[in-house]
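So the sequences go chain by chain: L and Y. Here numbering that gives the first Met the number 0 is used: the first residue of the first sequence is 0, the next is one more, and so on. Here numbering that gives the first Met the number 0 is used: the first residue of the second sequence is 0, the next is one more, and so on. Backbone N, C-alpha and C define an ideal beta-carbon position, used for all residues, glycine too.
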Amino acid sequence: MEKFMENSNTICWYNSVDIFHGKRGNWYKKFESQPGFTNFRHMFGFFAANFSSTDRTNSIKLPIKTTLLPQCKLPKFEKVNTDFGVLCEQRARWLLDHAIKTNRKLAIMYSGGIDSTLVMVSLLKIATDEEIKNHTVCLLSNVSIAENKNFYDNYIIKKFPIQSSYQFYAFLGNDNYITVSGEGGDQLFGSAVIDGMFKSKGVEFIFGPPKTEEIVNIFNTKIRDLKVSEKITEVLDKLVKNAEIEINNVYQYFWWINFAMKWQSVYARTIAYTDKRFQGTIKPEDNYFIFFSPEDMQLWVMNNTDKLIRDSWASYKYISKDIIYEFNKDTEYRDNKVKVPSLQNIVATKPIAKCLGSDMKFYNDDYPSPEIIWDPNNDFI
Amino acid sequence: MTLQEFKLQVPYTSIAKPTRIIGNPTPMHLLYNAETSRVIAFSAWVPTINTLDEICINTVPKYSQNFPATTVLPEAASMKEPFKIIWSFESNRWVISDKDFTFEEMYTNALLIEKAAALDEINYRTVHYRRPVFNSVAVQESIYLMKYQEALEIKNTLGDITEPWNYPFVHDYADLTGIDIRQAAEEIIIQHGIYRTRLSNTETLRIKYTRQIKECKEIENIYKIMNSFYSDGEVYGKL
Numbered sequence: 000m001e002k003f004m005e006n007s008n009t010i011c012w013y014n015s016v017d018i019f020h021g022k023r024g025n026w027y028k029k030f031e032s033q034p035g036f037t038n039f040r041h042m043f044g045f046f047a048a049n050f051s052s053t054d055r056t057n058s059i060k061l062p063i064k065t066t067l068l069p070q071c072k073l074p075k076f077e078k079v080n081t082d083f084g085v086l087c088e089q090r091a092r093w094l095l096d097h098a099i100k101t102n103r104k105l106a107i108m109y110s111g112g113i114d115s116t117l118v119m120v121s122l123l124k125i126a127t128d129e130e131i132k133n134h135t136v137c138l139l140s141n142v143s144i145a146e147n148k149n150f151y152d153n154y155i156i157k158k159f160p161i162q163s164s165y166q167f168y169a170f171l172g173n174d175n176y177i178t179v180s181g182e183g184g185d186q187l188f189g190s191a192v193i194d195g196m197f198k199s200k201g202v203e204f205i206f207g208p209p210k211t212e213e214i215v216n217i218f219n220t221k222i223r224d225l226k227v228s229e230k231i232t233e234v235l236d237k238l239v240k241n242a243e244i245e246i247n248n249v250y251q252y253f254w255w256i257n258f259a260m261k262w263q264s265v266y267a268r269t270i271a272y273t274d275k276r277f278q279g280t281i282k283p284e285d286n287y288f289i290f291f292s293p294e295d296m297q298l299w300v301m302n303n304t305d306k307l308i309r310d311s312w313a314s315y316k317y318i319s320k321d322i323i324y325e326f327n328k329d330t331e332y333r334d335n336k337v338k339v340p341s342l343q344n345i346v347a348t349k350p351i352a353k354c355l356g357s358d359m360k361f362y363n364d365d366y367p368s369p370e371i372i373w374d375p376n377n378d379f380i
Numbered sequence: 000m001t002l003q004e005f006k007l008q009v010p011y012t013s014i015a016k017p018t019r020i021i022g023n024p025t026p027m028h029l030l031y032n033a034e035t036s037r038v039i040a041f042s043a044w045v046p047t048i049n050t051l052d053e054i055c056i057n058t059v060p061k062y063s064q065n066f067p068a069t070t071v072l073p074e075a076a077s078m079k080e081p082f083k084i085i086w087s088f089e090s091n092r093w094v095i096s097d098k099d100f101t102f103e104e105m106y107t108n109a110l111l112i113e114k115a116a117a118l119d120e121i122n123y124r125t126v127h128y129r130r131p132v133f134n135s136v137a138v139q140e141s142i143y144l145m146k147y148q149e150a151l152e153i154k155n156t157l158g159d160i161t162e163p164w165n166y167p168f169v170h171d172y173a174d175l176t177g178i179d180i181r182q183a184a185e186e187i188i189i190q191h192g193i194y195r196t197r198l199s200n201t202e203t204l205r206i207k208y209t210r211q212i213k214e215c216k217e218i219e220n221i222y223k224i225m226n227s228f229y230s231d232g233e234v235y236g237k238l
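Take a look at the structure:
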């Protein structure tokens, strides 16, 4: 086992599959007797198998102790009057200038989905052809091409240097590149778990008030243990009650959980795939960025919770789709494009680190012992 | 499962899927668990026929038999203790065998059958991971390679590329999609890069875990290795 705590005092990301997956978790037996384990592990069955939870509101005691990275802190709420499209353009310009100043290239992970298409549109709006040619590389796969064929034919192939995204890990921490992913977009606008609720519960329920009994039922449809579902609801309610903004409906309830608890997980999960030869040189906020992380974008969302979605799952991220439409006039994409998971296709068959220290130390082979990272006084007991 | 646990005959679950039956006419003794009616050891194995450098390290069995004994031997249903069966060439059927094994022999054989099953599973999943780029149309993979070679030549030449008989694949692709020849070559190179890197990832995964299984000396560790294999392969991707 690598000597944990020798150079790193805390972790910022862990691989929940190894600890909580009943069938595939090689470390399951090491942790299963810890207090709160059973209740907590059902969270992963409901939200996602690989989900390193961190509470950005600091209102619940999670079983696995993680440190919040400074760049992942939840912004203090304030009233703002900004435009999301302009914020995206500013972000794109800042990232491109950062690459130009340091004579590197932006390696942009492009899936063809709504978030990464918005990243590319923002770049195309603010950059010259020369800047794109000399300071960007578009990482894509055959799936990216198929997901947004018109955009690929009309813009990507004509403007951007292209490399395969199946080797995205070779760009992470590489001195010549700054990796930019479209992560954070899902956390800004909603939560993937709501998709199924549109079908099973209907629109009225989703935009109705989040009553405790009904939230318990939602959890219980997957968890199938009423006591566990009640416990999870009780804990997550604290997170929602401590929100600085009003959470008015079921949609916002699950968006807030995603926004408050999964932010750091999506920020760090790509880093965990860094090739071993570049693990010493990966530097978040210097050669690695997620596009949608700036504080002003988060504040825009906190000020515009009525603009997360309209009245159907197809309208999820309609703000982003409208910005894309204004640029390319692709009506089909605007009206019919729905979110599909993209990262899964790229990361399948790639080994990943077990956990990350908050100082970006990689733990490739083992986990710290439960005595070190498990909080015996957590809220899931 | 450790040797000690094996001696104590703890409930045994095999990696081998009961439906994955590969017929093997080699005479062999099979030790069955009476309770589950599943094979837990066998006495002979056939080394995997392999290619490239792997031939010198691959000496574990490819063939695994793991099916309810009752499907081939009705009297197995009444057995109360672990039992062995053997293929009888005289009667052309499986029969109860009276050959004795030491526990060490059983453990070694069980280890080998689990390795065989694990390698079989790795091969099976590797095919699954390659499916997105696998094409079953005859000669298609050679065609991809020819297109790529033509595209590379076009990219690297400043000379005349307009004669269609020099670059038939790229010319036809350009005509079909309404783009110029150099752009068509560029697209083909990109497609080939995606194809190659996707395959490279699956090949790395296959070699890494095949080696781990071959070097493994404890049945218990095979399960851990296979968990890591599944996780690297797909479970971690379930974000």
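- The beta-carbon of Y:K223 is placed less than 8 angstroms from the nearest beta-carbon of chain L.
- The shortest CA-to-CA distance from L:S51 to any of L:P375, L:E370 and L:G356 is the one to L:G356.
- By the C-beta criterion, the region 143 to 153 of chain L is judged to be in contact with the region 326 to 333 of chain L, since at least 3 inter-stretch pairs fall below 8 angstroms.
- Counting of Cβ neighbours within 10 angstroms places L:I244 among the exposed residues, the total staying below 16.
- L:W254 sits buried, since 16 or more C-beta atoms from the chains shown fall within 10 Å of its C-beta.
- Annotation for Y:T209: the continuous alpha helix (DSSP H) segment containing it runs I180 to E214.
- Y:H191 and L:N303 have their C-alpha atoms roughly 44 angstroms apart.
- Counting C-beta pairs closer than 8 angstroms gives three or more between the region 96 to 105 of chain L and the region 130 to 148 of chain L, which meets the contact rule.
- Taken through DSSP and simplified to helix, strand or coil, L:I107 comes out as strand.
- For L:T127, the closest Cβ of chain Y is not nearer than 8 angstroms.
- Going by DSSP, L:L342 is part of the alpha helix (DSSP H) stretching over L342 to V346.
- Less than 8 angstroms divides the Cβ of L:V234 from the Cβ of L:F379.
- Counting C-beta pairs closer than 8 angstroms gives fewer than three between the region 118 to 127 of chain Y and the region 180 to 195 of chain Y, which falls short of the contact rule.
- The beta carbon of Y:S230 sits closer than 8 angstroms to some beta carbon of chain L.
- Counting C-beta pairs closer than 8 angstroms gives fewer than three between the region 207 to 227 of chain Y and the region 170 to 188 of chain L, which falls short of the contact rule.
- Following the DSSP letters along the chain, one finds L:W12 inside the beta strand (DSSP E) bounded by residues I10 to Y13.
- Contacts with chain Y at 8 angstroms (Cβ-Cβ) do not include L:D329.
- Per the Cβ contact rule, the region 357 to 366 of chain L is in contact with the region 269 to 278 of chain L (3 or more Cβ pairs under 8 angstroms).
- DSSP links L:I214 through a beta bridge to no other residue.
- Beyond the five residues adjoining it in sequence on each side, L:Q186 comes within less than 7 angstroms, by CB distance, of N257, F258, K261, W262 and V265 in the same chain, given in chain order.
- Taken atom to atom, the span from the alpha-carbon of L:R268 to that of L:T53 is near 13 angstroms.
- The region 106 to 125 of chain L and the region 190 to 197 of chain L do not touch, with fewer than 3 CB-CB distances between them shorter than 8 angstroms.
- If you draw a 10 Å sphere on the C-beta of L:L171, you find 16 or more other C-beta atoms in it, and that means buried.
- For the pair L:W373 and L:F30, the CB atoms are nearer than the 8 angstroms cut-off.
- For Y:R181, the nearest beta carbon of chain L is not closer than 8 angstroms to its own beta carbon.
- In terms of Cβ geometry, L:S163 and L:N344 do not form a close pair [threshold 8 angstroms].
- Within the region 226 to 278 of chain L, the runs of alpha helix (DSSP H) at least 4 residues long that lie entirely inside it are, in chain order, 249 to 260 and 262 to 268.
- Counting of Cβ neighbours within 10 angstroms places Y:V169 among the buried residues, the total reaching 16 or more.
- L:Q162 has a beta carbon lying within less than 8 angstroms of a beta carbon in chain Y.
- Boundaries of the alpha helix (DSSP H) around L:I113: I113 to I125.
- If you draw a straight line from the Cα of Y:S230 to the Cα of L:N49, it comes to about 10 angstroms.
- Sequence-distant partners of L:H97 (beyond 5 residues in either direction) whose C-beta falls short of 6 angstroms from its own C-beta are missing from its chain.
- Looking only at L:Q33, L:A313 and L:L68, the smallest Cα-Cα distance to L:W12 is reached by L:L68.
- Nearest to Y:K207 by C-alpha distance, out of Y:E74, Y:G232, Y:E152 and Y:I178, is Y:G232.
- Within chain L, the residues placing a beta-carbon under 7 angstroms from that of Y:R197 are Y165, ordered along the chain.
- Taken through DSSP and simplified to helix, strand or coil, Y:Q139 comes out as helix.
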